[in-house]
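Below you'll find the structure, written out as structure tokens, and then a few comments.
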Amino acid sequence: MRVVVDLNRCQAYAQCCYAAPERFVLRGDEILVYDPAPPEAERAAIDRAVLACPVRAIRVEHEPRERAA
Amino acid sequence: MRDGTIVVAGASLAALRGAEALRAGGFAGRLVLVGDEPHLPYDRPPLSKHVLTGEIAPGATTLPGVGALRAEWRLGAPAAGLDRAGRALLLAGGERLPFDRLLIATGARARPWPEAGAAALAGVHTLRGRDDAAALAAGLAARPGRVLILGAGFIGCEVASSIRALGLPVTVVDPAPSPLTAALGQVIGGFVAGRMEAAGIDLRMGAEVAHLEGGDGRVRRARLAGGGTIAADLVVVALGAVRNTEWLAGSGLDADEGGLSCDGACRALDAAGRPDDAVFAAGDVARFPHPVYDNRPVALEHWGNAVAQAAHAARAMLEGPEAAGPYAEMPAFWSSQFGLNIKSLGLTEGADAVAIVQGDPRSARFLAVYGREGRTIAAVAVNAGRWLPAYAGAIREGAPFPPITGGADQPHPDPVPPGLPAQAA
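Encoded structure:
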């Protein structure tokens, strides 16, 4: 799984940290640290984080279908 | 345009998001992405932060969007030349890739230490790519006695923060009067300097390293221009970036180490300023006229610019430059270091005043507005990201500066000189 957060857009509402606490944490007041490659087994939690984000900053891609030529 | 061949020179953020925008816009033809690195597109911001602290593996930041692209990849194959008359991209390996449209997104690279011999010493690092981060992380794992960072811009400061978090002794040297002076000025830079020193950074502002000296093939010390040395086992050269445009030599396009000139529709310009309808540019490499700043040519090393400008270029490629209109995305970036989340909107360059209009540096939570000739041109939030979007309109409109003073939440509202470098004439 591949995850990226648009940190221009992120405003540290921390909803992802509640939805997937193993993969998203806030440092200090508003520095978001996240796992860009969480295990596929956590798909449901990551999807909840995507949906929970009020500023729509999280993007995820499951199971890449293409490899470098 | 819906069919034919589009080649993307570059395989990083702008290249990927541009290619995605082409597909989303209905392009059904052949799409080829060409990258000098052997890696699929990956995210760079973590490389100076959590990759160095060991929390994220260097190879873990491959970007979402790669899987669904239906593209051909030429990775580890740098673009080596452009035949504009023949509409073909030439690769270093000799391959000739004909195109109907070309998107140039070759980005930038770290500016190397100017002494080539010293730059090649073991223990001397730059940081731009995933492999650089892996090499630097490996060097840090050997627990060097002291790390020296040359340059107190964003990369230098973020790297200093990450390495200090590992408990290693860190010295930062920069000729400027404060960290982040070029981007934020001395007022905010001075605040950051206090945080750096509180974190235990040996901060040497106003000092310049003249030479790096080695022994047994390994860096040992830096010699300062003003006399004296700093012993260091590991050196990070963080002196900014150079745009990757050398491969365009002879193409007739207006390109130099500051970028490839393009118009508001992202079309590359030739030396006479004429747009090439088949060649576009986006991301760090693109130098474009910004309509919010009197169409001053700017080249932005911003994550958000790579995404938005690539999408704009894609629209201009598919629907034509008139349909796309002039690219006018509000410049924005973030940086995290020393427990601070720094976010910026607009461009501070040329500001003649700065006013802290919300919050208070003493609480490490504040927002500063930058003005030029009585107009608002930029805003910077420190641990106050939620306040920042509200200022986009004022920047876009060039609202009167300073904003109102005397509000309840304004301990230091009076404008002061921002301490930015003088602009080149």
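As they're listed, the protein sequences go chains A and B.
Per this note's numbering, the first sequence starts with residue 1, numbered consecutively.
Per this note's numbering, the second sequence starts with residue 1001, numbered consecutively.
All C-beta atoms, glycine included, are put in the ideal place defined by N, C-alpha and C.
Alpha helix (DSSP H) runs contained entirely in the stretch 26-52 of chain A, provided each spans 4 or more residues: Within the stretch 26-52 of chain A, the runs of alpha helix (DSSP H) at least 4 residues long that lie entirely inside it are, in chain order, 43-52.
8 Å Cβ cutoff, B/HIS1312 in contact with chain A: Residue contact with chain A for B/HIS1312: absent (no Cβ-Cβ distance below 8 Å to any residue of chain A).
Beta carbon proximity, B/HIS1050 to chain A, threshold 8 Å: Answer yes: the Cβ-Cβ gap between B/HIS1050 and chain A drops below 8 Å somewhere.
Spatial distance of A/ARG2 from B/VAL1051 (CA atoms): Going from the Cα of A/ARG2 to the Cα of B/VAL1051 covers about 16 Å.
Bridge partners - B/GLN1358, DSSP secondary structure assignment: Bridge partners of B/GLN1358: B/LEU1367.
Contact set for B/THR1245: own chain, Cβ-Cβ below 8 Å, skip 5 residues either direction: Excluding sequence positions up to five before and after B/THR1245, its CB lies within less than 8 Å of the CB of THR1106, ALA1255, ASP1256, GLU1257, GLY1259, LEU1260, VAL1285, all in the same chain and listed in chain order.
Beta-carbon gap between B/TYR1370 and B/VAL1354 smaller than 8 Å: Yes.
Identity of the residue in B/ARG1362, B/GLY1086, B/LEU1013, B/ARG1128 nearest B/LEU1239 by Cα: Ranking B/ARG1362, B/GLY1086, B/LEU1013, B/ARG1128 by Cα distance to B/LEU1239 puts B/ARG1128 first.
Length of the line joining the Cα atoms of B/LEU1318 and B/ALA1028: Linking B/LEU1318 to B/ALA1028 through their CA atoms gives a straight-line distance of about 11 Å.
Pair within 8 Å by beta-carbon distance, B/ALA1378 and B/GLY1339: Contact flag unset, no.
Residue range of the unbroken beta strand (DSSP E) whose run includes B/GLY1081: Looking at the DSSP string, the run of the beta strand (DSSP E) that includes B/GLY1081 is 1079-1083.
C-beta atoms of B/ALA1080 and B/ALA1092 nearer than 8 Å: Yes. Within cutoff.
Proximity test, Cβ basis, 8 Å: B/ILE1056 and chain A: Yes, B/ILE1056 lies at the interface with chain A (some Cβ there is under 8 Å from its Cβ).
8 Å Cβ cutoff met for B/LEU1040 and B/ALA1015: No, Cβ-Cβ distance for B/LEU1040 and B/ALA1015 is not below 8 Å.
First and last residue of the uninterrupted beta strand (DSSP E) at B/THR1171: Following the DSSP letters along the chain, one finds B/THR1171 inside the beta strand (DSSP E) bounded by residues 1170-1174.
Cβ-based neighbour list, B/ARG1164, same chain, cut-off 7 Å, excluding 5 preceding and 5 following: Excluding positions up to five away in sequence, the list reads VAL1170, ALA1199, GLY1200, ILE1201.
Rounded separation between B/LEU1184 and B/GLY1086 - CA only: Spanning the two alpha carbons is a distance of roughly 45 Å.
Short CB-CB distance (under 8 Å) between B/ASP1003 and chain A: Not a single CB atom of chain A sits nearer than 8 Å to the CB of B/ASP1003.
Contacts of B/ARG1365 in chain A (Cβ-Cβ under 8 Å): Around B/ARG1365, the beta-carbon contacts reaching into chain A at under 8 Å are ASP29.
B/ASN1305: first and last residue of the uninterrupted beta strand (DSSP E) it sits in: Premise fails: B/ASN1305 lies in the alpha helix (DSSP H), 1303-1319, not in any beta strand (DSSP E).
Span of the alpha helix (DSSP H), counted from its first residue to its last, around B/GLU1213: Annotation: B/GLU1213 is outside any alpha helix (DSSP H); the continuous beta strand (DSSP E) that includes it extends over 1209-1215.
A/ARG2 at chain B interface by Cβ criterion, 8 Å: Closer than 8 Å: yes.
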